[in-house]
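Just so you know, we're using the numbering used here here: the sequence shown kicks off at 195 and counts up by one. Here a beta-carbon is modelled for each residue, glycine too, at the ideal position from N, C-alpha and C. No experiment lies behind these values; they were computed from the predicted model shown.
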Amino acid sequence: MSEIFLDDGQGGKSRALIGALGDHAEDIMALAGSDKPLPCVTDEHIWSLHGSRVADILPLDPIFVPRGEDAKNWAQLASVISAVACQNHPRGRPIISLGGGAVGDLAGLAAALYRRGTPIIHIPTTLLAQVDSAVGGKTAIDAEGEKNLVGAFHAPALVVADPDFLTTLDARQMRAGMAEIVKYGAIADADFFDWIGRHGRAVLAADPNACAEAAGRCIRMKAAAVEGDVEDRTGQRALLNFGHTFGHAIESIAGLGTVLHGEAVSVGMLLAARFSAAAGRCNMETPEQLDALLRHLELPSRLDHVGLGGQAPALFEPMLKNKKNESENVTLILLERIGKAVRVTDMPRRQLRDFLSAA
């Protein structure tokens, strides 16, 4: 079992536990304060796979939402808040999220808004959520065709990442989560990047020890990035967005929910690495190293791998709308080398447009 603490942005700490859910039931119930069932935001597919096991461990009252990105909208946000309110749920007792990144985003935002802030406990069931999205406190829904347009920072009181949940994921979902793992090595830890090359296939096979090791290392790197910059104001946390500016644009032009977030990030990382080289921020060996690892793990690395071959120029307009941009120029996370990323806030639009036109 691993225990990791993260800055919650309010002078306290958010806690992440890696290990069997049953071993941490007391931690959850200590926050619950009583045996009364806790509202649990999930979807019917996740509940069919894991509901009986989780309900044997914790008293839960499930609130069902659609699968995937279809859960992240105004209607579902209102529905979750209404369901919690109908339970007369008090402000101090936590809401549970059981599922992947989309469920966590929705449940986290509902918790942030309900009674002006109610604790959220994430029990992530996908690799992507366990290594990245469940920790750090970002919550959001999609609106006006834009991913994560409406959101809040609301750090979870607790995250329990149980590798056993990952045995039910299909290969596509595991690869989507692996993209976020690769991201951490690319931006912050060259040794971890090499570890992924050696052990990444074991993670993809849902080996519990490899998955726990990957989750622990990723969460520790996220904790370091979030420390003192929970609300993404200083640029320190922004390095975690490597591949995401390109990736969110990919999701946008494909139609939200068509391409998995991790798939878009995977392609977006290589685009960002190649742009880094084109802009003189790194040598050509850096994108080649990243490309080789993505290929080794059978992750998508090109637009045609996600059904968008020849559409690189179409990424330009969505990238201009990215909320990280601070001026007329474009803000991007670029690589200086494997294990070292930099935030660039003054990238000329023309340079990006020319790169995409030739990509």
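Might you give, ordered along the chain, the residues of its own chain that have their beta carbon closer than 6 Å to the beta carbon of residue 357, omitting 5 neighbours on each side?
402, 405, 406
Grouping DSSP H, G and I as helix and E and B as strand, with all else coil, what is residue 230?
coil
Beta-carbon proximity list for residue 477, same chain, < 7 Å, skipping 5 on both sides:
471
According to the Cβ coordinates, are residue 491 and residue 398 closer than 9 Å?
yes
Evaluate residue 446 with the Cβ neighbour count: other Cβ atoms within 10 Å of its Cβ, from every protein chain shown; 16 or more gives buried, anything less gives exposed.
buried
Using a Cβ-Cβ cutoff of less than 6 Å, which residues in the same chain neighbour residue 342 once the five nearest sequence positions on both sides are dropped?
334
In terms of residues, what are the limits of the alpha helix (DSSP H) holding residue 403?
402 to 420
Counting only runs of 4+ residues fully inside the segment 419 to 449, write out the alpha helix (DSSP H) ranges in chain order.
438 to 448
Helix, strand or coil: which one does DSSP assign to residue 329?
coil
Residue range of the unbroken alpha helix (DSSP H) whose run includes residue 512
510 to 514
Look at residue 411 and residue 330 and say whether their C-beta atoms are less than 9 Å apart.
no
From residue 252 to residue 511, what distance separates their C-alpha atoms?
46 Å
In chain order, what residues of the same chain have a beta carbon less than 7 Å from the beta carbon of residue 271, not counting five sequence neighbours either side?
300, 303, 304, 335
With respect to the beta strand (DSSP E) encompassing residue 530, which residues constitute its N-terminal and C-terminal limits?
524 to 531
Host alpha helix (DSSP H) of residue 464 (start-end):
455 to 472
Burial state of residue 416, where buried means 16 or more other Cβ atoms lie within 10 Å:
buried
Using CA atoms only, rank isn't needed, just tell me which of 327, 461, 277 is closest to residue 440.
461
So, do the segment 271 to 286 and the segment 240 to 251 have three or more beta carbon pairs nearer to each other than 8 Å?
no
Mapping DSSP to helix, strand and coil, what is residue 371?
helix
Enumerated in chain order, which unbroken segments of the beta strand (DSSP E) with a length of 3 residues or greater are wholly contained in the segment 222 to 271?
232 to 236, 254 to 258
From residue 211 to residue 363, what distance separates their C-alpha atoms?
21 Å
Is there contact between the segment 373 to 389 and the segment 253 to 262, where contact requires at least three CB pairs shorter than 8 Å?
no
For residue 250 and residue 506, what's the separation of their Cα atoms in angstroms?
49 Å
Taking just the CA atoms, how far does residue 538 sit from residue 263?
29 Å
Tell me the DSSP secondary structure of residue 535 in three-state form.
strand
Using the Cα positions of residue 488 and residue 467, report the straight-line distance between them to the nearest angstrom.
12 Å
Candidates 469, 515, 465, of which the one nearest residue 496 by Cα:
465
Where the beta strand (DSSP E) containing residue 554 begins and where it ends:
The chain is shown only over 195 to 553; residue 554 falls outside these bounds and no answer can be derived.
Residue 234 burial status per 10 Å Cβ neighbour count (16 or more: buried)
buried
Could you tell me which residues DSSP puts in a beta bridge with residue 216?
Residue 216 is not bridged to any residue.
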